[in-house]
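**Q** This is the structure I have questions about; it appears just below.
Number of protein chains: 2
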Amino acid sequence: MQGELEAALSVIARVQTALTVAGRTDAGVHATGQVAHLDVPPDALTPEQLVHRLARLLPPDLRVPAVRQVPGSFDARFSALRRHYRYRVCDAPWGVDPLRRYDTLVHYRPLDETAMNTASTLLLGEHDFAAFCRHRAGASTIRALERLEWIRDQPHLLTAHVAADAFCHSMVRSLVGALLAVGEGRRRPEWPASLLRSTARTSEVTVAAPHGLTLVAVDYPADDQLATRAQQTRALRSAHPLTD
Amino acid sequence: MQGELEAALSVIARVQTALTVAGRTDAGVHATGQVAHLDVPPDALTPEQLVHRLARLLPPDLRVPAVRQVPGSFDARFSALRRHYRYRVCDAPWGVDPLRRYDTLVHYRPLDETAMNTASTLLLGEHDFAAFCRHRAGASTIRALERLEWIRDQPHLLTAHVAADAFCHSMVRSLVGALLAVGEGRRRPEWPASLLRSTARTSEVTVAAPHGLTLVAVDYPADDQLATRAQQTRALRSAHPLTD
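As given, the protein sequences belong to chains A and B, one line each in that order. Quick note: numbering that gives the first Met the number 0 has the first sequence finishing at residue 243, numbered continuously throughout. Quick note: numbering that gives the first Met the number 0 has the second sequence finishing at residue 243, numbered continuously throughout.
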């Protein structure tokens, strides 16, 4: 996706600058609230012209709803305060609505969202999420999980709302996999949090399929705080190299 | 779709009876509220068992959310009082949300829904919709259009809500095609209704793509009215053979 967007921009705006992306999602994960930035020359197209040209050039699975000029201190990745994800699971005995099967996991057994929310609450706060992360050499797996909540939007549709300053690779999908085991009654609500004692990824957790996951929003501070935030994040990352 | 469902039922319930379907949609049209009936032997599986077995046997683009026993006088096609359709159009300059591109038409030029609703209102009531119908030998094209209304659900998402006792082949898509021409400003709001004077299909109307259209509901009378309604519909259809 990032490569396709960079290629389209190089055709349209004749800029070869690489994009900086807020949340580098795993393959198969969707993003409705992705944010990216790039530097363009002063004589570039207007934001409206860019939107129109990109709409015609990009494949239908990649859309750019808005383009705007930002302060020079804005960094899509390092200025971000937090990322918001959603994970959709349908537990109807008949399966998932065909029109939403692209972004919804089908789970034929009924899920107990009360147990899942009990387990989710125990995971909130700053922890080493090593058990839930794909290991990357030299990268920290300490994260501050700010929200993890399951809401039954429709009789058979459960949505997990997840927010943190940043996430490790496959972290949300691993948390969801552990919580589905709780929802099914195969594991007790205390089990996912008990894995936080682990310092390495555990094979006990099944990573939930990527297509149920969507990056829905990225929060940024006010314009006058962008530079400070980017500086803080960069300092933190050099001490504890993080993925997003 | 009907063939796939009949094949699955013949495997599961060992019944070779053909299904009777409420709304036989054109290829590429979706249905979230389709209704069908069939006769099963008294020793057949329970409705719950059928739902479970069908979920495992049917392809992911075909789901049966509910099965239930109905009075012997119920006829999915002839007992129906009316069919409800929706047509989704996105007029954002950047195109359509990738996750909804399967059931939403993309229309890059902005649409004026006030003009479209003015034109829609003029089409309501019982008319000969020949100009908007694919001709079928011996079939009437007289229909009672009960609802045709455009609602802008989101800044760039327009949904047409359409209801009638029954529809001819490609009728909703032709109406939508004519109304899009009004919404763009290429035609005046009086134009679609002026075509009702025609007794044959007109080449002036572009049939809108099927994937924006969904059959969302079929209305039936109370159980004690099912037989009377089916009788009435059958009498009407033999006088003026209709498609649904």
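Backbone N, C-alpha and C define an ideal beta-carbon position, used for all residues, glycine too.
Give me the chain B residues within the contact set of residue 220 of chain A, using Cβ-Cβ distance strictly less than 8 angstroms, ordered along the chain.
**A** The sequence position of residue 220 of chain A within the first sequence is 221, counting from 1. Near residue 220 of chain A there are no residues of chain B at all, since even the closest Cβ is about 26 angstroms away, more than 8 angstroms.
**Q** Between the beta-carbon of residue 165 of chain B and the beta-carbon of residue 94 of chain A, is there less than 8 angstroms?
**A** If you number the second sequence from 1, residue 165 of chain B lands on position 166. If you number the first sequence from 1, residue 94 of chain A lands on position 95. No, Cβ-Cβ distance for residue 165 of chain B and residue 94 of chain A is not below 8 angstroms.
**Q** Given a cut-off of 8 angstroms on the beta-carbon distance, is the pair residue 118 of chain A and residue 197 of chain A in contact?
**A** Within the first sequence, the letter at position 119 stands for residue 118 of chain A. Within the first sequence, the letter at position 198 stands for residue 197 of chain A. No, the pair does not count as a contact, with Cβ atoms beyond the cut-off.
**Q** Using DSSP with H/G/I as helix, E/B as strand and the rest coil, what is residue 87 of chain A?
**A** Indexing the first sequence from 1 puts residue 87 of chain A at position 88. Of the three classes helix, strand and coil, the one that applies to residue 87 of chain A here is strand, per DSSP.
**Q** Identify the residues that DSSP records as bridge partners of residue 149 of chain B: which are they?
**A** Along the second sequence, read from residue 1 onward, the residue named residue 149 of chain B stands at position 150. B:159.
**Q** What does the alpha-carbon distance come out to for the pair residue 171 of chain A and residue 111 of chain B?
**A** If you number the first sequence from 1, residue 171 of chain A lands on position 172. If you number the second sequence from 1, residue 111 of chain B lands on position 112. The alpha-carbon atoms of residue 171 of chain A and residue 111 of chain B are separated by roughly 42 angstroms.
**Q** Could you give the residue range of the alpha helix (DSSP H) that holds residue 5 of chain A?
**A** Start at 1 with the first residue of the first sequence, and residue 5 of chain A comes out as number 6. Per DSSP, residue 5 of chain A belongs to the alpha helix (DSSP H) from 1-11.
**Q** Under a three-way DSSP split, which group does residue 171 of chain A fall into?
**A** As a position in the first sequence, residue 171 of chain A is number 172, starting the count at 1. Residue 171 of chain A falls in the helix class under three-state DSSP.
**Q** Give the residues from the stretch 87-113 of chain B that approach chain A closer than 9 angstroms (Cβ to any Cβ), ordered along the chain.
**A** Of all residues in the stretch 87-113 of chain B, 91, 92, 93, 94, 95, 96, 97, 98, 99, 100, 101, 102, 105, 107 have a Cβ within less than 9 angstroms of some Cβ in chain A.
**Q** Among A:0, A:32, A:98, which one has its Cα closest to the Cα of residue 89 of chain A?
**A** Locating residue 89 of chain A in the first sequence gives position 90, counting from the first residue. Nearest of A:0, A:32, A:98 to residue 89 of chain A, Cα basis: A:98.
**Q** Should residue 15 of chain B go down as buried or exposed, given a rule of 16 or more other Cβ atoms within 10 Å for buried?
**A** Against the second sequence, residue 15 of chain B aligns to sequence position 16. With fewer than 16 Cβ atoms within 10 Å of its Cβ, residue 15 of chain B is classed as exposed.
**Q** Taking buried to mean at least 16 other C-beta atoms within 10 Å of its own C-beta, is residue 82 of chain A buried or exposed?
**A** In the first sequence, the residue the question calls residue 82 of chain A occupies position 83. Looking at its Cβ environment, which holds 16 or more other Cβ atoms inside 10 Å, residue 82 of chain A is buried.
**Q** Would a C-beta distance cut-off of 8 angstroms place residue 20 of chain A and residue 214 of chain A closer than the cut-off?
**A** On the first sequence, position 21 is the one that residue 20 of chain A refers to. On the first sequence, position 215 is the one that residue 214 of chain A refers to. No; because the gap between Cβ atoms is not below 8 angstroms, this pair is not in contact.
**Q** By DSSP's criteria, residue 35 of chain B is part of a beta bridge. Which residues make up the other side?
**A** In the second sequence, counting from the first residue as 1, residue 35 of chain B sits at position 36. Bridge partners of residue 35 of chain B: B:20.
**Q** What first and last residue would you give for the beta strand (DSSP E) that runs through residue 215 of chain B?
**A** One-based indexing of the second sequence puts residue 215 of chain B at position 216. Note, residue 215 of chain B: beta strand (DSSP E), 212-218.
**Q** Hey, quick one: how far does the alpha helix (DSSP H) through residue 189 of chain A stretch, first residue to last?
**A** By one-based count along the first sequence, residue 189 of chain A stands at place 190. No alpha helix (DSSP H) holds residue 189 of chain A; DSSP gives it neither H nor E.
**Q** Going along the chain, which unbroken runs of the alpha helix (DSSP H) with 4 or more residues stay wholly within the stretch 65-135 of chain B?
**A** Segments of the alpha helix (DSSP H) lying fully in the stretch 65-135 of chain B: 112-120.
**Q** If you compare alpha carbons, which of B:185, B:42, B:216, B:122 is closest to residue 34 of chain B?
**A** By 1-based counting over the second sequence, the position of residue 34 of chain B is 35. Residue 34 of chain B has its Cα closest to that of B:216, out of B:185, B:42, B:216, B:122.
**Q** Any beta carbon from chain A within less than 8 angstroms of residue 64 of chain B's own beta carbon?
**A** Locating residue 64 of chain B in the second sequence gives position 65, where the first residue counts as 1. Yes, its Cβ sits closer than 8 angstroms to a Cβ of chain A.
**Q** Kindly indicate if chain B contains any beta-carbon less than 8 angstroms away from that of residue 54 of chain A.
**A** Here residue 54 of chain A is taken as the residue at index 55 of the first sequence, counted from 1. Yes, contact with chain B.
**Q** Alpha helix (DSSP H) containing residue 50 of chain A: first to last residue?
**A** Here residue 50 of chain A refers to the residue found at position 51 when the first sequence is read from its first residue. Taken as a continuous stretch (DSSP letters only), the alpha helix (DSSP H) holding residue 50 of chain A covers 46-56.
**Q** Please confirm if the stretch 175-188 of chain B is in contact with the stretch 215-234 of chain B, defined as three or more CB-CB distances below 8 angstroms between the two stretches.
**A** Short answer: they don't touch.
**Q** Establish whether the CB of residue 61 of chain B and some CB of chain A are separated by less than 8 angstroms.
**A** Here residue 61 of chain B is taken as the residue at index 62 of the second sequence, counted from 1. At least one chain A Cβ lies under 8 angstroms of residue 61 of chain B.
**Q** Quick check: is the beta carbon of residue 50 of chain A nearer than 8 angstroms to any beta carbon in chain B?
**A** If you number the first sequence from 1, residue 50 of chain A lands on position 51. Closer than 8 angstroms to some Cβ of chain B, the Cβ of residue 50 of chain A qualifies, so yes.
**Q** Tell me, please, whether the CB atom of residue 83 of chain B is closer than 8 angstroms to any CB atom in chain A?
**A** Position 84 of the second sequence holds residue 83 of chain B. No, no contact with chain A.
**Q** Along chain B, in chain order, which residues have C-beta atoms closer than 9 angstroms to that of residue 29 of chain A?
**A** On the first sequence, residue 29 of chain A is found 30 positions in, with the first residue counted as 1. By Cβ distance, chain B contributes 97, 98.
**Q** Going by CA-CA distance only, name the one from B:230, B:109, B:140, B:101 that's closest to residue 155 of chain B.
**A** Translated into the one-based positions of the second sequence, residue 155 of chain B becomes position 156. The residue with the shortest Cα to Cα distance from residue 155 of chain B is B:109.
**Q** Do residue 86 of chain A and residue 204 of chain A count as a contact pair if the criterion is CB distance below 8 angstroms?
**A** Working through the first sequence from its first residue, we reach residue 204 of chain A at position 205. Working through the first sequence from its first residue, we reach residue 86 of chain A at position 87. Not in contact: residue 204 of chain A and residue 86 of chain A (Cβ atoms no closer than 8 angstroms).
**Q** Helix, strand or coil for residue 196 of chain A per DSSP?
**A** By one-based count along the first sequence, residue 196 of chain A stands at place 197. Here residue 196 of chain A sits in helix by DSSP.
**Q** Beta-carbon within less than 7 angstroms of residue 240 of chain B's beta-carbon, same chain only, minus the 5 sequence neighbours each way: which residues are those?
**A** Numbered from its first residue, the second sequence carries residue 240 of chain B at position 241. A caution first: residue 240 of chain B carries a pLDDT of 49, below 50, which makes its placement in the model too unreliable to give a value.
**Q** Out of A:91, A:67, A:159, A:26, point me to the one whose CA is closest to residue 209 of chain A's CA.
**A** One-based indexing of the first sequence puts residue 209 of chain A at position 210. Residue A:26 is the option with its Cα nearest to residue 209 of chain A.
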